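**Student:** Can you read through this structure? Questions will come right after.
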Amino acid sequence: MENKKLIKIATAGSVDDGKSTLIGRLLYDTKSLTTDKLEAIEKTSRQRGFDYLDFSLATDGLLAEREQGITIDVAHIYFNTSKTNFVIADTPGHVEYTRNMVTGASTSQVAIILIDARKGVIEQTYRHFFISNLLRLGHVIVAVNKMDLVNYDEDTFIKIRHDFETLVEKSDFNSDQITFIPISALKGENIAKKSELMPWYLGNTLLDHLEVLETADLHESGVARFPVQYVIRPKTEKFHDFRGFSGKLYGGKLKVGDEVSILPSLTRSKIKTIQFFDQEYDEVAPGASITITLEDEVNISRGDMLVKSSEIPLSEKSVTATICQVNTRPLKVGDKFTLQHGINRVLAKVESIDSLIHTDFSGEESTQQLKLNDIGKVNFKLSKPIHFDSYKSNKSNGSFILIDEGTFDTVSVGFID
Amino acid sequence: MSNLYISNPKEAESIHILREVAAQFEKPVLLFSGGKDSITLVRLAQKAFYPARIPFPLLHIDTGHNFPETIEFRDQLVEELGLELIVRKVQDSIDQGKVTEERGRYASRNTLQTTTLLDAIEEFKFDACIGGARRDEEKARAKERVFSVRDDFGQWDEKNQRPELFDMLNGKIHQGQNVRVFPISNWTELDVWEYIKNETIKIPSIYFAHKRSVFFRDGLIWTANEHVYRESNEEIVEKMVRFRTVGDMTCTAAVLSSAETLDEVVDEIRLSTISERGARIDDKRSEAAMEKRKKVGYF
Ligand SMILES: Nc1nc2c(ncn2[C@@H]2O[C@H](COP(=O)(O)OP(=O)(O)OP(=O)(O)O)[C@@H](O)[C@H]2O)c(=O)[nH]1
Ligand SMILES: [Mg+2]
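Line by line, the protein sequences are chains A and B. If you read the first sequence in my numbering, its first letter stands for residue 985, the second for the next number, and so on. If you read the second sequence in my numbering, its first letter stands for residue 989, the second for the next number, and so on.
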């Protein structure tokens, strides 16, 4: 488990483009479907009179989903190859697509955008690519699916690739972050085995391509941010004076002896120990959930942030962010929310809404409110300062959610400018 | 040479979740079944709060049909780690007339546990119940959030779940609601076994191959024992078996196995072509069995 690569993938595509089928196929081809699950799929496929295996049944887990033949809620699916552990978020394509894709993509490094070869690049494709760009995913795979229905025609594929490439030019992606693969999820062409029906395609199969992605390129790297999640005080005889600050490290490394500052007080100290369970380390890489002790007695509580004294983030009582509305409650000027930035919570008020952003890269317009699935630029005033970076420079420290104070639902996600 | 700590990403995520539970809730509890997943949870909690003690108790819903090995193991673990253990019994719910015992060939106390669990939540006013469910177990579980909000009746509203973005967890709830928390959501069965092996975590003996009196039904292997219904023509035989999950005896089937060590168990899982839940009778009742149980407050 420790040495294997972990790659998290979000799927995207319009309704019926074949996302669930593709994932089912990946499971089948990597022998991740156990015989009992496979038998259940065979049985149900037969009952429905299909002459093929309906692999979407492997992931569409809810009753209503199987009855209607559509995906309703995000499912997380796991499969392994000898070299890599994969987690795929299977997202629904029909309604609330933006919300679901943003959610799935927020924990992913790679997006697979499916396009129905018969339909080509459509509005949904723009939107999904826009979100991949907004979330700054490391890599996008454009899978042109249902090639079996267009006679595995090369020209159809080239046309779609060409259309998509004009979108890439408008985005922040480099062309080497985007890969185009012609596939048939249903028939298993170019998924795990190279398609003999498309000899004109010289690239990797989807699975081979996923395997060669370098995770080093996909992970963030930069300055260290350590939000204190929980203060550990054992109050036992053996650890009488122990005061450890536990949390997850983001962005960059920390090491023993580093000069650190604690926000918001800006008190300074030095890292005395870095611990994980009963082991001590000299240095720690981002992504780890660790416990840190300091040289000095400093007053630190949950929500404070420990950073290197030479790398202080912004601390402000106002913030501008790109907001994606993930709840049916619209966001309006004057609305108040709980803003959760990482683990830290403050109160936030919408000062103004600058714009509603078009997800086809065509610009923006002014608006009074952001409705479910809308993306827009919003200014907030906060009850207390938060210590943030731009989303561009540190994903974890540059994002937040808004919580409705009445229902406590998560209503928006924000990416700080 | 400086020694650099690079985390196991799944372990780091689980620890992050457990610390969020301790910070965001007033009365969390860890639902402890005695199975490998809840044992793994205990290890993760130990790591999350070290050198302090785990800041919440364990709750075991005892069906009365447990494998004695699991109970023995449970008590030992609690003793060793100095944990607080609460036990609530399905038998008491039956005696109080709150639930009725099932009868017949597939009689099990598995579904009855829900009532006992909900009563315990109310009794202790638990606001967060930490469970060892994984998304790879079953297709309805694949839809589950890490923080899953339940209403006053313990119900799961699968179509109206809070989106979970990045690793930000929203545990805000109203009085009477509670949250089910699944820290190892993203682990697979193999991940759990490899972790148990790498960490040399102790697990109950029934996970290893042993000789047992069993009988065969519907292609599955059942423990022959007074709690498990058996037709007179269902013949008892001695076999080398082990269990892949340990639930209630009446719903957990064994598999034929010769795996006596953790290495052998991990190898067996790696090569296995049948899912862990393939040996669970409770899921076989219908294709949507799990989803239906979850809606009414099951683990
Ligand atoms: N001919 C052909 N049909 C396909 C292919 N991939 C998927 N399909 C079919 O397209 C239909 C929709 O597939 P799904 O996998 O359910 O689509 P989805 O993208 O998951 O749909 P939602 O989740 O509801 O948005 C099913 O009938 C599939 O069998 C393909 O490569 N070729
Ligand atoms: Mg689908």
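Yeah, the Cβ is synthetic: ideal placement off N, Cα and C, and Gly gets one too. The structure displayed is predicted, hence computed values, not measured ones.
Quick one, which residues of the segment 1069 to 1088 of chain A are near chain B if we go by CB-CB under 9 Å, in chain order?
**Tutor:** Residues passing the 9 Å Cβ filter: 1069, 1071, 1074, 1083, 1084, 1086, 1087.
**Student:** Out of 1178/B, 1216/B, 1194/B, 1212/B, which has the shortest C-alpha to C-alpha gap to residue 1248/B?
**Tutor:** If we check each option's Cα against that of residue 1248/B, 1194/B comes out closest.
**Student:** Within the 7 Å Cβ cut-off, does residue 1351/A reach chain B?
**Tutor:** Judged by the 7 Å Cβ criterion, residue 1351/A is not in contact with chain B.
**Student:** Is residue 994/B close to chain A? Criterion is C-beta to C-beta, closer than 7 Å.
**Tutor:** It does: the Cβ of residue 994/B has a partner Cβ on chain A nearer than 7 Å.
**Student:** Please decide whether residue 1201/A counts as near chain B, where near means a Cβ-Cβ distance under 7 Å.
**Tutor:** Reliability of the predicted coordinates at residue 1201/A is poor, the pLDDT of 47 falling under 50, and no value is obtained from them.
**Student:** Is the closest heavy atom of ligand 2 to the C-beta of residue 1103/B under 6 Å?
**Tutor:** Result no, Cβ not under 6 Å from ligand 2.
**Student:** List in chain order the residues whose CB is within less than 5 Å of at least one heavy atom of ligand 2.
**Tutor:** Spelled out in chain order, the answer is 1003/A, 1004/A, 1055/A.
**Student:** Considering only the alpha carbon of each residue, which of 1016/A, 1131/A, 1261/A, 1187/A lies closest to residue 1259/B?
**Tutor:** Nearest of 1016/A, 1131/A, 1261/A, 1187/A to residue 1259/B, Cα basis: 1016/A.
**Student:** Pull up the distance between the alpha-carbon of residue 1253/B and that of residue 1049/B, whole angstroms please.
**Tutor:** Distance between the alpha carbons of residue 1253/B and residue 1049/B: 27 Å.
**Student:** Please determine whether the Cβ atom of residue 1121/B lies at a distance below 6 Å from any heavy atom of ligand 1.
**Tutor:** It does not: the Cβ of residue 1121/B is nowhere closer than 6 Å to a heavy atom of ligand 1.
**Student:** Could you please tell me which residues of the segment 1111 to 1133 of chain B, in chain order, have their CB closer than 8 Å to any CB of chain A?
**Tutor:** The residues in question are 1123, 1124, 1126, 1127, 1128, 1129, 1130, 1131.
**Student:** Under the three-state reduction of DSSP, which class applies to residue 1269/B: helix, strand or coil?
**Tutor:** No answer about residue 1269/B holds up, because its pLDDT of 49 lies below 50 and its placement is not dependable.
**Student:** By the 10 Å Cβ neighbour count, where 16 or more other Cβ atoms means buried, how is residue 1280/A classified, buried or exposed?
**Tutor:** Exposed, since its Cβ has fewer than 16 Cβ neighbours within 10 Å.
**Student:** Could you work out which residues of chain B lie near residue 1256/A, taking near to mean beta carbons separated by less than 7 Å?
**Tutor:** Going along chain B, no residue has its Cβ under 7 Å from residue 1256/A, so there is no contact; the nearest lies around 15 Å.
**Student:** Shorter than 7 Å from the beta carbon of residue 1393/A to some beta carbon of chain B?
**Tutor:** It does; some Cβ of chain B falls within 7 Å.
**Student:** Can you tell which of 1072/B, 1082/B, 1044/B has its C-alpha closest to the C-alpha of residue 1052/B?
**Tutor:** The residue with the shortest Cα to Cα distance from residue 1052/B is 1082/B.
**Student:** What's the C-alpha gap between residue 1311/A and residue 1112/B?
**Tutor:** Using only the alpha carbons, I get a separation of about 33 Å.
**Student:** Under 7 Å, Cβ to Cβ, is there at least one residue of chain A near residue 1176/B?
**Tutor:** Closer than 7 Å to some Cβ of chain A, the Cβ of residue 1176/B qualifies, so yes.
**Student:** Run through DSSP, which three-state label would residue 1200/B get?
**Tutor:** Three-state result, residue 1200/B: strand.
**Student:** Between residue 1029/A and ligand 1, is there a pair consisting of the residue's CB and a ligand heavy atom that are separated by less than 6 Å?
**Tutor:** Because no heavy atom of ligand 1 lies under 6 Å away, the Cβ of residue 1029/A does not count as near it: no.
**Student:** Does residue 1003/B have its Cβ less than 7 Å from a Cβ in chain A?
**Tutor:** So, interface residue.
**Student:** Starting from the C-beta of residue 1063/A, find all residues in its chain whose C-beta is less than 7 Å away, skip the five residues before and the five after it, and write them out in chain order.
**Tutor:** Excluding residues within five positions, the ones whose Cβ falls inside 7 Å are 1010, 1011, 1014, 1016, 1070.
**Student:** Please list the partners that residue 1007/B has in chain A, where partner means a Cβ-to-Cβ separation under 8 Å.
**Tutor:** By Cβ distance, chain A contributes 1213, 1214, 1230, 1231, 1273.
**Student:** In whole angstroms, give me the CA-to-CA distance for residue 1202/B and residue 1223/B.
**Tutor:** Each residue's alpha carbon lies about 8 Å from the other.
**Student:** Looking only at its chain, what residues have a beta carbon closer than 7 Å to the beta carbon of residue 1176/A, apart from the 5 residues adjacent to it on each side?
**Tutor:** Contacts found: 1013, 1014, 1189, 1191.
**Student:** Using a C-beta cutoff of 7 Å, does residue 1321/A count as contacting chain B?
**Tutor:** Residue 1321/A does not count as touching chain B.
**Student:** Name the chain B residues whose beta carbon is nearer than 7 Å to that of residue 1226/A?
**Tutor:** Under the 7 Å cutoff, chain B gives 1039.
**Student:** Show which residues of chain B have a CB atom less than 8 Å away from the CB atom of residue 1057/A.
**Tutor:** Result: 1131, 1146, 1147, 1149.
**Student:** Flag residue 1166/A as yes when its Cβ comes closer than 6 Å to any non-hydrogen atom of ligand 1, and as no otherwise.
**Tutor:** False, no ligand heavy atom lies under 6 Å from that Cβ.
**Student:** Residue 1160/B touches chain A at which residues, Cβ-Cβ below 8 Å?
**Tutor:** Within 8 Å Cβ-Cβ: 1322, 1387, 1392.
**Student:** Only counting the same chain, and skipping five residues up and downstream in sequence, which positions put a Cβ closer than 8 Å to that of residue 991/A?
**Tutor:** If we look at residue 991/A and ignore the five residues flanking it on each side, its Cβ neighbours are 1068, 1069, 1070, 1071, 1093, 1094, 1194, 1197, 1199, 1202.
**Student:** Using CA atoms only, rank isn't needed, just tell me which of 1085/B, 1079/B, 1040/B is closest to residue 1070/B.
**Tutor:** It is 1040/B whose Cα lies nearest to the Cα of residue 1070/B.
**Student:** In terms of residues, what are the limits of the alpha helix (DSSP H) holding residue 1371/A?
**Tutor:** Taken as a continuous stretch (DSSP letters only), residue 1371/A belongs to no alpha helix (DSSP H), being part of the beta strand (DSSP E) at 1359 to 1372.
**Student:** Starting from the N-terminal side, write out each stretch of the alpha helix (DSSP H) that is 4 residues or longer and does not extend beyond the segment 1026 to 1111 of chain A.
**Tutor:** Listed in chain order, the complete alpha helix (DSSP H) runs (minimum 4 residues) inside the segment 1026 to 1111 of chain A are 1047 to 1052, 1081 to 1090.
**Student:** Using a C-beta to C-beta distance shorter than 9 Å, which residues of chain B count as neighbours of residue 1326/A?
**Tutor:** Ordered by position in chain B, the residues that pass the 9 Å Cβ test against residue 1326/A are 1154, 1155, 1156.
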